[in-house]
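There are 2 protein chains.
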Amino acid sequence: MSRLDSFIRRLQAQRACLDWALEAIRSVPGPVLEIGLGNGRTYDHLRSRLGKARAIFAFDRQLAAHPACAPDGDHLVLGDFRDTLPRFARRLGAVAALVHADTGSGDEAASQAQAQWLAGVVNDLLAPRGVVVSDQDMSSQRDRLPPGWQAAPLPPEVQPGRYFIYRKAATA
Amino acid sequence: MSRLDSFIRRLQAQRACLDWALEAIRSVPGPVLEIGLGNGRTYDHLRSRLGKARAIFAFDRQLAAHPACAPDGDHLVLGDFRDTLPRFARRLGAVAALVHADTGSGDEAASQAQAQWLAGVVNDLLAPRGVVVSDQDMSSQRDRLPPGWQAAPLPPEVQPGRYFIYRKAATA
């Protein structure tokens, strides 16, 4: 498989997981958090699927997205995730219906370590029955997920290991 | 359609056009030229489909691809296209069986003007019966193609205007 083949499959997996998650949170109130805005493609996807029905907050180190694919200033949180996410959690609590974390870099070890740390702070942000969609295996480093989380079955077209979905229990 | 949807369709169109072109040049000898190496995804695709059967030369302003997805120094030509492509044409002549030009930038007017200029120099590089696959309409500015070129029918899954294929006649 060429890198072009593999990239297309990754994007299709990403879209399938996000679309699955948007269905899964229909009865879960709360905003959507996009951790790792990047070029804004998945933010635009979430926005176009959700319309004005949900607030979407996007987090990134700096703004790399085209302004047309970035949230307004009230919904964009720039800075180091280690500052911005815990502060957001302290301010709003566990309110998010969906968290999409697309934070992997070329450095696999660093990406996995960050995903392990992210799992903890995402748990502080995630509402009961909320869903996490991630490009990283959030249990790989310690072989466990935050309490009350379960890996959700992937959409049939997504190869295991390509993208990850977790769901938080109704009661932790 | 979200930007994620649109991006997936563009990559699928790109792959379908390249795969079509690789079939179409089976009986056309000569190297493949990748104009606009970028991150090396389509270079890797061409390389993985062709194996060692053809030389592939890649051109770009500077190297942005991961070294694993870049050609060796003998097949990588860095610098301004306005210098490197005419020089290559003077050195090797019209020998390329396939030219893939993925050169569009965010600036549509500049991309189209560059594509019009590229059509001329690609013609100097392209063998008879050779194929051009491009992300730009190479006839849009002057409403004409280089002599002997024809737009080829797109693969059925590719929406017109998303990607472009041209073929040079056996005799100009």
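Chain order of the listed sequences is A and B.
Numbering-wise, the first sequence is residues 1 to 172 according to the working numbering.
Numbering-wise, the second sequence is residues 1001 to 1172 according to the working numbering.
Backbone N, C-alpha and C fix where the C-beta goes; we use that ideal spot for every residue, glycine too.
Distance, residue j Cα to residue i Cα
{"i": "Phe81 (chain A)", "j": "His1066 (chain B)", "result": "26 Å"}
{"i": "Val1131 (chain B)", "j": "Val1121 (chain B)", "result": "14 Å"}
{"i": "Pro197 (chain A)", "j": "Ser139 (chain A)", "result": "In the structure as shown, chain A starts at 1 and stops at 172, and residue 197 (chain A) therefore has no counterpart that could be examined."}
{"i": "Pro1156 (chain B)", "j": "Gln1014 (chain B)", "result": "13 Å"}
{"i": "Gly161 (chain A)", "j": "Leu1092 (chain B)", "result": "46 Å"}
{"i": "Leu1063 (chain B)", "j": "Arg1026 (chain B)", "result": "29 Å"}
{"i": "Ile35 (chain A)", "j": "Asp60 (chain A)", "result": "7 Å"}
{"i": "Tyr166 (chain A)", "j": "Gly79 (chain A)", "result": "25 Å"}
{"i": "Ala110 (chain A)", "j": "Ala1024 (chain B)", "result": "44 Å"}
{"i": "Gly1148 (chain B)", "j": "Arg49 (chain A)", "result": "46 Å"}
{"i": "Val133 (chain A)", "j": "Phe164 (chain A)", "result": "6 Å"}
{"i": "Ala1151 (chain B)", "j": "Gln12 (chain A)", "result": "30 Å"}
{"i": "Ala169 (chain A)", "j": "Arg144 (chain A)", "result": "15 Å"}
{"i": "Ala89 (chain A)", "j": "Ile1008 (chain B)", "result": "33 Å"}
Three-state secondary structure (DSSP) of residue i
{"i": "Gln1136 (chain B)", "result": "coil"}
{"i": "Val121 (chain A)", "result": "helix"}
{"i": "Gln1062 (chain B)", "result": "coil"}
{"i": "Gly1073 (chain B)", "result": "helix"}
{"i": "Arg49 (chain A)", "result": "helix"}
{"i": "Arg90 (chain A)", "result": "helix"}
{"i": "Ala115 (chain A)", "result": "helix"}
{"i": "Leu157 (chain A)", "result": "First, the residue type needs correcting, since residue 157 (chain A) is Glu and not Leu in the sequence shown. If DSSP states are grouped into helix, strand and coil, Glu157 (chain A) belongs with coil."}
{"i": "Ile1025 (chain B)", "result": "coil"}
{"i": "Tyr1166 (chain B)", "result": "strand"}
{"i": "Pro1146 (chain B)", "result": "coil"}
{"i": "Arg1129 (chain B)", "result": "strand"}
{"i": "Ala16 (chain A)", "result": "helix"}
{"i": "Ala1109 (chain B)", "result": "helix"}
{"i": "Ala55 (chain A)", "result": "coil"}
{"i": "Ala151 (chain A)", "result": "strand"}
Residue nearest to residue i in terms of C-alpha spacing, selected from the options
{"i": "His100 (chain A)", "options": "A:Ala119, A:Asp72, A:Ala109", "result": "A:Ala119"}
{"i": "Cys17 (chain A)", "options": "A:Trp149, A:Asp135, A:Ala169", "result": "A:Asp135"}
{"i": "Cys1069 (chain B)", "options": "B:Gly1051, B:Ala1024, B:Arg1041", "result": "B:Arg1041"}
{"i": "Leu1125 (chain B)", "options": "B:His1045, B:Leu1033, B:Tyr1163, B:Met1001", "result": "B:Leu1033"}
{"i": "Asn1039 (chain B)", "options": "A:Arg90, A:Gly106, A:Tyr43", "result": "A:Gly106"}
{"i": "Ser1006 (chain B)", "options": "B:Gln1159, B:Gly1051, B:Thr1171, B:Asp1137", "result": "B:Gln1159"}
{"i": "Glu108 (chain A)", "options": "A:Asp137, A:Asp83, A:Arg129, A:Thr84", "result": "A:Asp137"}
{"i": "Arg47 (chain A)", "options": "B:Asp1083, B:Val1077, B:Ala1089, B:Ser1002", "result": "B:Ser1002"}
{"i": "Ala1021 (chain B)", "options": "B:Gly1104, B:Leu1154, B:Leu1004", "result": "B:Leu1154"}
Contacts around residue i, its chain only, beta-carbon distance under 7 Å, and the 5 residues preceding and following it disregarded
{"i": "Arg1142 (chain B)", "result": "Gln1116"}
{"i": "Ala127 (chain A)", "result": "Val28, Gly30, Ala94, Val95, Ala96, Ala97"}
{"i": "His1075 (chain B)", "result": "Ala1055, Ile1056, Phe1057, Ala1058"}
{"i": "Asp102 (chain A)", "result": "Gly36, Gly38, Thr42, Asp135"}
{"i": "Arg10 (chain A)", "result": "Arg162"}
{"i": "Ala1113 (chain B)", "result": "Gln1141"}
{"i": "Arg1104 (chain B)", "result": "Checking the sequence shown, residue 1104 (chain B) turns out to be Gly, not Arg. If we look at Gly1104 (chain B) and ignore the five residues flanking it on each side, its Cβ neighbours are Ser1111, Asp1135, Gln1136."}
Neighbourhood of residue i by C-beta, 6 Å cutoff - its chain only, sequence neighbours within 5 removed
{"i": "Leu123 (chain A)", "result": "According to the sequence provided, residue 123 (chain A) is Asn. The question's Leu does not apply to it. Taken in chain order, the residues that qualify are Pro146."}
{"i": "Pro1071 (chain B)", "result": "Ala1058"}
{"i": "Val1077 (chain B)", "result": "Phe1059, Thr1084"}
Where the beta strand (DSSP E) through residue i begins and ends
{"i": "Leu1037 (chain B)", "result": "Note, Leu1037 (chain B): premise wrong, no beta strand (DSSP E); not H, not E."}
{"i": "Ala97 (chain A)", "result": "96 to 101"}
Residues of its chain near residue i, where Cβ-Cβ distance is below 8 Å and the 5 sequence neighbours each way are ignored
{"i": "His1045 (chain B)", "result": "Arg1015, Leu1018"}
Within-8 Å CB hit, residue i to chain E
{"i": "Ser139 (chain A)", "result": "You won't find chain E in this structure, because its protein chains are A and B."}
Residue i CB to nearest heavy atom of the ligand HEM below 7 Å
{"i": "Ile56 (chain A)", "result": "Among the ligands in the structure shown, none appear at all, so the ligand HEM cannot be discussed."}
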